[in-house]
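Reviewing the structure listed below.
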Amino acid sequence: MPESAVITDAAVAVSGEEVHRDHAVVVDGGTIAWRGPQDEIPDQWSGLGRWSAEGRLVTPGLVDCHTHLLFGGDRRAEFAERAAGSGTYRDQLAGAASGVRATVSATGATGDDELLAAARRRAGWLIRSGVTTLEVKTGYGLEPDAELRLLRLCHRLREELPVRVRITLLAGHVYPDGVDRDDEEQTAEWITTLCKDLLPAAREIGVDAVEVYLDEDGGFTLDDASTVLETAYKTKTPTRLQTDHLSDSAGASLAPAFYAKAAAHLNFPDEAALSSMAKSGTTAVALPGSVLELGESDRPDIGALRAAGVPVAIATGLNPGTSPLGSLPLAAHLGVVLLGMTPAEAYAGVTVHAARALGLADGTGTVDVGAPADLAFWDADDPSEVIYWAGAPLLHSVWAGGREVEVSREFVQ
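So the mapping is simple: the working numbering equals the position in the sequence shown, first residue as 1, plus 637.
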């Protein structure tokens, strides 16, 4: 059962720029029941036990809204190749035995228990950086049976982790071996397989969203991505999109067409598409780890997103190829340094906007009354300090649903 307690002596961050000191937070049944000055705690909560934050900063638990936690192997060899100047990510993505396909092969060759153990370990990295809600995708199966295997493992991961997990079916990542991206007959047959076989079976198992990676350099085509998203949309399954990562693929226009909850990358912004995204309620997801890892000169135009009124979330994008990044505060730091976000924007990007990208409207990412009691306690003065000290271990503890979560390394063993 969720815990109930009165947290006292807290510096409560109600936004990236507003911290209320000497405050209390009442947790009742796993939700925030009251917050305010600790000398004004209502008598109705006098019977609850008290837990002192000892003056620490209290924020909402962080939300990592875009991860690829579930995969086999790694791509350290490709990392070394790029560092030596002997290949680019585009080269590796196009290879038959490198890039995404290398991870697909390694994932298929790894047993279920080993995949889960590795995913728990990676989730532990995120939890130890203050994350209490995270998204996990399939996508390293490609073929329907392999994708459904990963989807079932995502559900097992959800059951095993002490934090909230949202599950995305990455139905369209790259085309599998044997499907020529430039052969319309082959791709049409493949998209039919995804829409008629994979998506209905995935709905039976359960998904929180369906996602497609749309990019002219290796991802799905605009037409194929549109077909998959439309199929999901017609069944009232929330949609997500990764687009305009390596090339201008005109993909941002698809997000508002299907009321996508989130659109990631967006390195080639289109003013009209961004305006439509703002109207449809789509959240942009910045993945600064990818910008850093690949040395990309192309990156999301934060100024254009800001001007269009599109909320911007930040995620680790944790994956073995383009973003081997296991700390969400570090991703927020990169959002400031590489993308030009303000610290307050970066903080919103890993809290309230990230929750929005996952379609969570229950107060997740806030410390508002009625929100889940997902809280992070920091040895810091304010949220900007958490973001400023890149990679510093400032986290003291985390609560998920009103319970303290074990954040030691043993948690993932």
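Note that CB positions come from ideal geometry on N, CA and C, so glycine has one too.
Residue i (DSSP reduced to helix, strand or coil)
{"i": "A1010", "result": "coil"}
{"i": "G972", "result": "helix"}
{"i": "W688", "result": "strand"}
{"i": "K916", "result": "helix"}
{"i": "V987", "result": "coil"}
{"i": "S652", "result": "coil"}
{"i": "L1075", "result": "One cannot answer for residue 1075 here, as it falls past the ends of the chain, which runs 638 to 1050."}
{"i": "L965", "result": "helix"}
{"i": "L924", "result": "coil"}
{"i": "W1026", "result": "coil"}
{"i": "Q1050", "result": "Because the pLDDT at Q1050 is just 39, under 50, the model does not fix this residue reliably, and the value given afterwards should be weighed accordingly. The answer is coil: DSSP assigns Q1050 none of H, G, I, E or B."}
{"i": "E627", "result": "Shown here, the chain extends from 638 to 1050; a query on residue 627 therefore has no answer."}
{"i": "S742", "result": "helix"}
{"i": "E930", "result": "helix"}
{"i": "M638", "result": "Below a pLDDT of 50, predicted positions are generally treated as unreliable, and M638, at 41, falls in that range; the measurement from the model is reported next regardless. In the structure shown, M638 sits in coil (DSSP, three-state: anything other than H, G, I, E or B)."}
{"i": "V766", "result": "Inspection of the sequence shows that residue 766 is occupied by Ser rather than by Val. In the structure shown, S766 sits in coil (DSSP, three-state: anything other than H, G, I, E or B)."}
{"i": "R943", "result": "helix"}
{"i": "R993", "result": "helix"}
{"i": "R757", "result": "helix"}
{"i": "R712", "result": "coil"}
{"i": "G736", "result": "helix"}
{"i": "D935", "result": "coil"}
{"i": "A981", "result": "helix"}
{"i": "T704", "result": "coil"}
{"i": "I678", "result": "coil"}
{"i": "P813", "result": "coil"}
{"i": "T632", "result": "This structure cannot speak to residue 632, because the chain is shown only from 638 to 1050."}
{"i": "A717", "result": "helix"}
{"i": "D1005", "result": "coil"}
{"i": "R818", "result": "coil"}
{"i": "S1021", "result": "helix"}
{"i": "Y726", "result": "helix"}
{"i": "D617", "result": "The first residue shown for the chain is 638 and the last is 1050, placing residue 617 beyond what the model contains."}
Bridge partner(s) assigned by DSSP for residue i
{"i": "S1034", "result": "F1014"}
{"i": "Y850", "result": "Q879"}
{"i": "V663", "result": "V643, W671"}
{"i": "I951", "result": "A923"}
{"i": "E772", "result": "R803"}
{"i": "S960", "result": "N956"}
{"i": "H657", "result": "V649"}
Where the beta strand (DSSP E) containing residue i begins and where it ends
{"i": "K871", "result": "K871 -> not in any beta strand (DSSP E); alpha helix (DSSP H) instead, spanning 859-871."}
{"i": "R801", "result": "801-809"}
{"i": "A900", "result": "899-902"}
{"i": "W671", "result": "668-674"}
{"i": "D701", "result": "699-701"}
{"i": "E1041", "result": "1040-1042"}
Per-residue burial, residue i [other beta carbons within 10 Å of its own, 16 or more giving buried]
{"i": "R713", "result": "exposed"}
{"i": "P937", "result": "buried"}
{"i": "Y777", "result": "buried"}
{"i": "G932", "result": "exposed"}
{"i": "E796", "result": "exposed"}
{"i": "T829", "result": "exposed"}
{"i": "F905", "result": "buried"}
{"i": "Y812", "result": "buried"}
{"i": "G1038", "result": "buried"}
{"i": "T880", "result": "buried"}
{"i": "S683", "result": "exposed"}
{"i": "K774", "result": "buried"}
{"i": "L934", "result": "The identity of residue 934 in the sequence shown is Ser, whereas the question assumes Leu. Label assigned to S934: exposed."}
{"i": "P875", "result": "buried"}
{"i": "E1047", "result": "The predicted position of E1047 is uncertain, since its pLDDT is 48 and thus under 50; a value taken from the coordinates is nonetheless stated next. So E1047 ends up on the exposed side."}
{"i": "E772", "result": "buried"}
{"i": "S964", "result": "buried"}
{"i": "S689", "result": "exposed"}
{"i": "D701", "result": "buried"}
{"i": "A746", "result": "exposed"}
First and last residue of the uninterrupted alpha helix (DSSP H) at residue i
{"i": "A889", "result": "No alpha helix (DSSP H) contains A889, which DSSP labels as neither H nor E."}
{"i": "R789", "result": "781-797"}
{"i": "A835", "result": "Strictly speaking, residue 835 in this sequence is Leu, with Ala absent from that position. Here L835 belongs to no alpha helix (DSSP H), and DSSP marks it neither H nor E."}
Can you find at least 3 beta carbon pairs, one from the stretch 921-937 and one from the stretch 887-904, that sit closer than 8 Å?
-> yes
Would you be able to state if there are at least three C-beta pairs under 8 Å between the stretch 804-824 and the stretch 843-851?
-> yes
Is the stretch 941-948 close to the stretch 904-917, with three or more CB pairs under 8 Å?
-> yes
Does the stretch 776-791 come close enough to the stretch 832-839 that 3 or more CB-CB pairs lie under 8 Å?
-> yes
Count the C-beta pairs between the stretch 950-958 and the stretch 974-994 that are closer than 8 Å, then say yes if the count reaches three, no if not.
-> yes
Looking at C-beta atoms only, is the number of pairs between the stretch 1013-1023 and the stretch 954-961 that lie closer than 8 Å three or more?
-> no
Any chance the stretch 754-763 sits against the stretch 715-729, with 3 or more Cβ pairs inside 8 Å?
-> no
Inspect the CB distances between the stretch 700-719 and the stretch 1016-1030 and report whether three or more fall short of 8 Å.
-> no
May I ask you to verify whether the stretch 970-983 touches the stretch 993-1001, counting CB pairs closer than 8 Å and requiring at least 3?
-> no
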